[in-house]
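Chains as they are written, first to last, in this note's numbering: chain L, 7 to 381; chain B, 659 to 991.
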C-alpha cells in the first residue's frame with residue numbers, strides 16, 4: 007500500500023461527513039432523478055386540447071365528427087367561436103390542435119358531395135404534431151366515412167365518393183416540423199441560465215472564501231450596492247451571450263423570429279435578471295464555491311427537465327403540473343417559443359413576463375436580506 | 659439619505675459607556691468603558707474569546723450593543739452606524755485584498771466604495787507606503803509585509819480619523835513589523851487615532867495606552883509603563899535552570915506561587931509578596947544543583963502581568979462558577 011493512502015481516504019470521508027448538506031444532495035439527487043423519470047416525464051401526450059369551431063352545430067353529422075375525434079381518447083375537445091379564437095388559442099397554448107367544421111358540411115354531405123374540414127396542428131413540438139396528425143387520421147378513416155353516409159331507405163344508388171370528408175391540414179408555427187425550431191429557442195434559455203447561474207452563484211462565496219467579505223461589511227457599501235453591483239457585469243455578459251446564441255440559431259440554423267425582436271430582447275433581459283438574482287440567493291447560502299456550483303447544478307437540472315424544454319408539461323401527471331411554475335425557465339421557454347415560432351405578442355405573453363419580473367424582485371429582495379443578515 | 663449634521667469635534671475620538679453585548683445567555687462584552695484621545699495609539703489586548711472582536715464589531719457599527727452607548731468620531735454607533743462606517747478605517751488580520759487585482763485596482767476599489775475623491779492623496783499614500791514601482795503588481799503576489807501595507811493604504815484613502823487595526827502584524831517578521839509601526843506612528847502624527855489589537859507584548863509596549871479585556875470585562879486600562887504596577891503585591895523571581903518538568907511541577911505547588919513560566923533557560927515565578935526569598939525558593943525547588951545563586955528577584959514585564967492577570971482571573975471566575983453551580987444544585991435539592 008502506498009504511504010498515506012488510508013489516511014487520505016479517512017480524511018476525505020471525514021470532510022464529506024462534515025458537510026451534511028452535500029451528503030444529502032449526493033443521495034437525494036439520484037433518487038429525485040429516478041422519481042422524475044419514472045413518474046413525471048413523458049414524451050407522449052394524452053388529452054391534447056383541441057379547439058373545435060363547429061359552424062354546423064345542429065347537424066348530426068358534425069357531432070359524429072366530434073364524437074369520433076373524442077373517442078380516440080387522444081383529444082380533449084372544447085368549443086371555440088371563429089377562426090380567430092381558434093388560432094389565438096393555438097398561439098397562447100390553450101389548444102395544441104383545432105378543427106374547423108364548415109357551415110355547409112351537412113348540406114354538402116346530403117347532396118352526396120365531399121365536404122372539407124380543416125384540421126389545425128401546432129407544429130412547435132414536432133413529435134406531438136406528428137402524433138396529432140396520426141390521430142387526426144380518423145377523420146378520413148373507414149369508420150367515420152361509413153357513419154357519414156346518410157342513406158335514406160329510398161335512396162338512389164350512391165353516387166358519393168368513398169371518402170366523404172376532405173381533410174385539409176394546417177400545421178402552424180413550424181410547418182416543416184423541424185426539430186431545431188423546437189429545441190433551439192429553449193436552448194437559449196438553458197445557456198443563459200447555465201452561464202448566469204454559475205457566474206453569480208460563486209460571486210458572493212468568493213468574497214467569503216477570500217476573506218474580503220469581512221472587509222466589505224465594515225465599509226459603507228450598502229446591501230443593494232453590493233448585490234446589484236455584483237449582478238450588473240454578469241448581466242451584461244449573459245445578455246451578450248444570449249445575443250450570440252439567438253444570432254446563431256436564427257442566421258445559421260434558420261430558426262424563425264416570427265414575433266417582435268424588441269419583445270425577445272425584453273424577455274432575455276427579464277430572464278437574465280431573474281436567473282442572476284437567483285444565483286445571488288444560492289451564493290448567499292453556500293459556504294464554498296464548490297457548494298455554490300453544486301446548488302447551481304441542482305437548479306439547472308430540474309429546470310431542464312421540468313420547464314417544458316424537452317418534456318411537455320401537459321404530459322406530466324396532474325399533481326406535478328404546478329411544479330414547473332416555480333421555475334423561471336418554464337416561463338422563458340414558453341415565451342421564447344411564443345415569440346420566435348408563433349409570433350406571439352405581449353397580449354399573450356404578459357403573464358409570463360409578469361411572472362419573470364416577480365421572480366427577479368423576489369430573488370433580489372431575498373439576496374439583499376440575506377446579505378444584511380450575514381452582518 | 660441626508661447627511662446628519664456633524665456634531666462638534668469631540669475631545670475623544672472614541673468613547674464608550676457601559677457597553678454591553680449579549681448573545682442569548684452569553685455576555686460577550688460586559689459593561690465596557692473606553693475613552694480614546696485624538697492621536698493616541700490604543701492597544702486592546704486579551705486572550706482569544708475574551709470579547710475583543712465583538713467590541714470592535716460594535717465600535718465599527720456592524721453589531722448593535724445590547725445596552726450602553728458608544729460614540730465614534732462623535733457619532734452614535736447604534737443610531738448612526740453608516741456615518742461611523744464612512745469615517746473609520748479598518749484593517750483586519752485577514753486583509754480584505756483581492757489577490758487577482760493589482761495594487762492600483764485594489765486601492766481604487768476601496769477609494770470608490772468610501773467615495774474618496776482626493777486622488778492626489780491616494781498617490782501620496784501609494785508613494786509613502788512604498789508602492790511606487792509596484793502599482794501594477796497583483797496584490798496576491800506581494801510579500802506579507804507589503805500586503806499589510808496595501809491593506810493600510812486601502813483603509814486610508816478616505817482620510818479616516820480613527821483606524822482599527824485588528825492584529826495588523828500577525829505572522830510578520832520583526833523587521834517588517836518595525837517598518838509597519840513606523841507607518842503607524844507617522845499616521846498619528848497627522849492626528850489619526852489608532853485602535854490596535856495584538857497578541858505581541860513588544861507591540862503592546864509601543865502603544866500609548868493598553869487595555870486588557872477578560873471575559874468581556876476591562877480589567878486594566880493604563881499606560882504601558884504603569885501596567886507593571888498592576889502586578890500588585892507580588893514578587894517576581896528569575897530562576898536560571900534548564901527546563902525540567904519535575905521542577906515546574908514542584909514550583910507550581912509551592913505556597914504563594916501564582917504563575918510559572920519557562921523562557922529558554924530561565925523560569926519566571928510570580929509569587930505573593932513576602933512568601934518566598936531566593937534562599938527558600940532554591941531550597942524548596944532543590945534538586946541539589948540549584949542554589950540561591952541561581953535565583954534573582956526581578957522586575958515584571960508586561961507579559962508577566964498579563965499572564966498572571968489572566969490566570970488569576972480565570973481561577974477567580976472558575977471559583978465563582980463553581981460557587982454558583984453549588985448554590986444552584988443546593989437550590990434544586
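Note that the Cβ used here is the ideal one computed from N, Cα and C, for glycine as well.
Predicted, not measured: the structure shown is a model, and the values here were computed from it.
| Check | Outcome |
| --- | --- |
| Identify whether residue 659 of chain B lies in helix, strand or coil by the three-state DSSP scheme. | Reliability of the predicted coordinates at residue 659 of chain B is poor, the pLDDT of 45 falling under 50, and no value is obtained from them. |
| Which residue from L:358, L:232 and L:320 puts its Cα closest to that of residue 344 of chain L? | L:358 |
| Assess, as a yes-or-no matter, whether the region 677-691 of chain B is touched by the region 736-749 of chain B under the definition of 3 or more beta carbon pairs within less than 8 Å. | no |
| Given this structure, state the Cα-to-Cα distance separating residue 320 of chain L from residue 51 of chain L, to the nearest angstrom. | 7 Å |
| Tell me the residue span of the alpha helix (DSSP H) that contains residue 764 of chain B. | 761-771 |
| Going along chain B in order, which residues have a C-beta closer than 9 Å to the C-beta of residue 221 of chain L? | 748, 749, 750, 752, 753, 754, 755, 768, 809, 812 and 813 |
| Where do the N-terminal and C-terminal ends of the beta strand (DSSP E) with residue 724 of chain B fall, by residue? | Careful: residue 724 of chain B lies outside any beta strand (DSSP E) and carries neither H nor E. |
| Note down, in chain order, every chain L residue with its Cβ under 7 Å from the Cβ of residue 640 of chain B. | Past the edges of chain B, shown from 659 to 991, lies residue 640 of chain B, and the structure says nothing about it. |
| So who's on the other strand from residue 898 of chain B, going by DSSP bridges? | B:924 |
| Taking Cβ-Cβ distances below 9 Å as the criterion, which residues of the region 201-221 of chain L are in contact with chain B? | 213, 216, 217, 218, 219, 220 and 221 |
| Could you list which residues in chain L have their beta carbon closer than 8 Å to that of residue 744 of chain B, in chain order? | 226 |
| Below 8 Å on the Cβ atoms is my contact criterion, and I expect residue 937 of chain B with residue 929 of chain B to pass it. Report the Cβ-Cβ distance as a whole number of Å. | Rounded, the Cβ-Cβ distance is 13 Å, inconsistent with contact. |
| At what residues does the beta strand (DSSP E) containing residue 47 of chain L begin and finish? | Element bounds for residue 47 of chain L: n/a, residue is neither H nor E. |
| Between residue 176 of chain L and residue 126 of chain L, which are expected to be in contact by the criterion C-beta below 8 Å, what is the C-beta distance as a whole number of angstroms? | 5 Å |
| Cα separation between residue 97 of chain L and residue 67 of chain L? | 29 Å |
| Contact criterion: CB-CB distance below 9 Å. Does residue 740 of chain B meet it with respect to chain L? | yes |
| Assign residue 115 of chain L to one of two classes, buried (16 or more other C-beta atoms within 10 Å of its C-beta) or exposed (fewer than that). | buried |
| Going by DSSP in three states, residue 879 of chain B sits in which element: helix, strand or coil? | strand |
| Is the Cβ-Cβ distance between residue 797 of chain B and residue 852 of chain B less than 9 Å? | no |
| What is the rounded straight-line gap between the Cα of residue 386 of chain L and the Cα of residue 363 of chain L? | Summary: the structure shown does not reach residue 386 of chain L, with chain L confined to residues 7 through 381, and so no result is reported for it. |
| Figure out for me which residue from B:729, B:894 and B:908 has the closest Cα to the Cα of residue 674 of chain B. | B:729 |
| Less than 9 Å separating the beta-carbons of residue 181 of chain L and residue 104 of chain L? | no |
| Express the C-alpha separation of residue 912 of chain B and residue 866 of chain B in angstroms, rounding to a whole number. | 37 Å |
| Could you pull out every residue in the same chain whose Cβ sits closer than 8 Å to the Cβ of residue 272 of chain L, ignoring the five residues on either side in sequence? | 359 |
| Does any residue of chain L have a CB that is nearer than 9 Å to the CB of residue 681 of chain B? | no |
| Which one of L:191, L:11 and L:31 has the shortest CA to CA distance from residue 298 of chain L? | L:31 |
| Just how far apart, CA to CA, sit residue 678 of chain B and residue 713 of chain B? | 9 Å |
| Report yes or no: is there a C-beta of chain D within less than 9 Å of the C-beta of residue 822 of chain B? | Protein chains L and B are contained in the structure displayed, whereas chain D is not. |
| Leaving out five residues before and five after residue 882 of chain B in sequence, what residues of the same chain have Cβ atoms less than 7 Å from its Cβ? | 862, 863, 865, 868 and 960 |
| Does the region 74-81 of chain L come close enough to the region 329-344 of chain L to have 3 or more Cβ pairs within less than 8 Å? | no |
| Exposed or buried, what is residue 660 of chain B when buried is set at 16 or more other beta-carbons lying within 10 Å of its beta-carbon? | Legend: pLDDT at residue 660 of chain B = 47, less than 50; position of this residue unreliable, value from coordinates given subsequently. Exposed, by the Cβ-count rule. |
| Based on Cα-Cα distance, which residue from L:307, L:316, L:240 and L:329 lies nearest to residue 286 of chain L? | L:240 |
| On a Cα-Cα basis, can you pick out the residue from L:199, L:111, L:198 and L:220 that is closest to residue 171 of chain L? | L:111 |
| Candidates B:741, B:697, B:968 and B:692: which alpha carbon is nearest residue 847 of chain B's? | B:697 |
| Helix, strand or coil for residue 71 of chain L per DSSP? | helix |
| If you draw a straight line from the C-alpha of residue 62 of chain L to the C-alpha of residue 154 of chain L, how long is it? | 14 Å |
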